[in-house]
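Some notes on the structure that comes next.
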Amino acid sequence: MSTKQRSYLRPLVLTGAFAALTAVCGFFKVPLGFTFITLQTMMAALAGILLGAKWGAASQAVYLVLGLVGLPIFTQGGGPGYIFQPSFGFLLGFPLTAAVSAWVLGDSTSPLRTALAAGAGILAGYLIGTPYMGLILNVYMGKGLDVWTVVKTGCLIYLPGEAVKVIFTAVVAPPLKRAMKKSELI
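Take our numbering: the final residue in the sequence shown is number 253, and no numbers are missing along the way.
Written out as structure tokens, the structure is:
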């Protein structure tokens with residue numbers, strides 16, 4: 068296998084691995100509000116931090132496509148009808164979460180910078196997920212919720228858990244990134 072072929076093979080394999088890890092993280096779920104607490108937002112941020120913006124976002128896009136074509140890898144199944152779930156907007160935000168996390172981190176391996184990157188990426192995903200949730204709840208499901216109620220139930224109640232995920236990411240990502248560079252995985 069040529070060097071050029073290997074240079075494409077590694078990121079493709081890691082992209083698939085992070086898509087699978089994101090799916091697995093969706094099965095560890097705790098119901099809260101209109102959706103669930105999962106480890107998926109952390110995995111989306113970690114994908115960007117470890118794979119970079121392009122491949123991290125690609126891993127999350129692969130996860131979305133696989134779920135939308137019918138694989139039951141979302142927290143409540145899969146298929147094209149899943150776009151009408153209130154939580155689907157958060158899934159749509161995963162590629163942005165990965166990309167923003169990578170962009171904010173840059174080449175740093177600092178735990179503080181990693182925490183800022185993961186936090187910024189997760190918040191970027193919420194900028195898609197929260198309005199989408201409001202749209203589905205109000206327009207499709209006819210709930211008639213005001214903006215503040217959507218923000219409280221679709222965003223604010225999840226932020227303490229997201230903070231824990233950001234701290235965990237800041238602890239585990241820097242040594243993982245260094246190990247991956249050392250082993251030439253990235």
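Even glycine gets a Cβ: it sits at the ideal position worked out from N, Cα and C.
Predicted, not measured: the structure shown is a model, and the values here were computed from it.
Buried versus exposed call for residue i [16 or more other C-beta atoms within 10 Å across all chains shown]
i: F94; result: exposed
i: V136; result: exposed
i: A191; result: buried
i: M208; result: exposed
i: Q143; result: exposed
i: W122; result: buried
i: K219; result: exposed
i: S177; result: exposed
i: T162; result: Before going on, a small fix: residue 162 reads as Pro here, not Thr. Result: buried.
i: V167; result: buried
i: F151; result: exposed
i: V214; result: exposed
i: G211; result: exposed
i: V129; result: buried
6 Å Cβ shell around residue i - same chain, five flanking residues per side excluded
i: S126; result: T82, F85, A86, A114
i: G228; result: I104
i: P147; result: L135
Beta-carbon proximity list for residue i, same chain, < 7 Å, skipping 5 on both sides
i: Y149; result: G134, L135, F141, F155
i: L183; result: V171
i: P153; result: F101, T102, M200, I203, L204
i: C222; result: Y193, T197
i: A169; result: G115, I116, G119, A120, G123
The alpha helix (DSSP H) enclosing residue i, as first and last residue numbers
i: V171; result: 161-172
i: I104; result: No alpha helix (DSSP H) holds I104; the beta strand (DSSP E) holding it covers 102-104.
i: L61; result: Look at the range of the chain in this structure, 68 to 253, and you will see that residue 61 is not part of it.
i: L223; result: Premise fails: L223 is in no alpha helix (DSSP H) and is neither H nor E.
i: I195; result: 178-202
Proximity of residue i and residue j at Cβ, strictly below 9 Å
i: A230; j: G160; result: no
i: T89; j: A124; result: no
i: K232; j: L106; result: yes
i: A246; j: L179; result: no
i: L117; j: K244; result: yes
i: T108; j: I224; result: no
i: L158; j: L138; result: no
Residue span of the beta strand (DSSP E) that contains residue i, given as start and end
i: L212; result: Taken as a continuous stretch (DSSP letters only), L212 belongs to no beta strand (DSSP E), as it is neither H nor E.
i: L99; result: 97-99
Neighbourhood of residue i by C-beta distance below 8 Å, restricted to the same chain and skipping five residues each side
i: P241; result: T176, S177, P178, T181
Residue i CB to nearest heavy atom of the ligand HEM below 8 Å
i: L113; result: Inclusion of the ligand HEM in the displayed structure is not the case, the ligand content being empty and no account of it being possible.
**Prompt:** Which runs of the alpha helix (DSSP H) fall wholly inside the region 113-159 and span at least 4 residues, in chain order?
**Reply:** 155-159
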